[in-house]
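What follows is a single structure, written as structure tokens, with notes after it.
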Amino acid sequence: MIGLQVPGAIHSNTPCRMETAAALGCAILHEPSVLFLDEPTSGVDQSHEEVLGLIQEMGERGVTTFVTTHYMDEAEYCGRLALIYQGKIVALGRLPT
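Each residue of the sequence shown is one higher than the one before, starting from 0 at the first, in numbering that gives the first Met the number 0.
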């Protein structure tokens with residue numbers, strides 16, 4: 000991380016996909032009321048649907064989850080969408096069912 004060397008750090012020889020999965024696990028372990036996920040399916044070994052299903056399940060349990068993604072098929076798992084351009088929300092709403 001930013002060029003710092005941590006002796007014996009678990010991530011030093013860990014593949015990126017495992018680090019991503021571990022970070023996702025750490026984020027949801029304590030069952031937060033609000034969760035911010037930046038590209039949560041990027042680099043994950045599991046299927047995208049499994050990860051997105053987990054995010055959707057957390058929403059059903061009352062966890063507010065903010066997800067950034069470039070993929071509209073992933074956005075379909077979200078209850079509300081905001082399209083952001085140059086740091087400003089340009090559209091906000093729900094997908095038609």
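The beta carbon of each residue, even a glycine, is placed where N, CA and C say it ideally should be. None of the values given here were measured: they were computed from a predicted structure.
* Asked: Residues in its own chain within less than 6 Å of LYS87 by CB, not counting five upstream and five downstream?
  -> none
* Asked: In the structure shown, what three-state DSSP assignment does LEU94 receive?
  -> coil
* Asked: Helix or strand or just coil, what does DSSP make of VAL50?
  -> helix
* Asked: Thinking just about the alpha-carbon of each residue, which of PRO31, ALA26 and THR96 is nearest to the one in GLY61?
  -> PRO31
* To do: Work out the CA separation of THR67 and ALA90 for me, nearest whole Å.
  => 15 Å
* Got a sec? Which residues, its chain only, sit under 8 Å from ARG79 by beta carbon, not counting five neighbours each side? -> LEU91, GLY92 and ARG93
* Asked: For THR68, which residues does DSSP report across the bridge?
  -> Answer by DSSP bridge pairing: none, since THR68 is not bridged.
* Where LEU28 falls, given that 16 or more other Cβ within 10 Å makes a residue buried -> exposed
* **Residues bridged to THR63 [DSSP beta-bridge criterion]** => VAL33
* Do the CB positions of VAL40 and VAL50 come within less than 8 Å of each other? -> First, the residue type needs correcting, since residue 40 is Thr and not Val in the sequence shown. In this structure, VAL50 lies closer than 8 Å to THR40 by Cβ.
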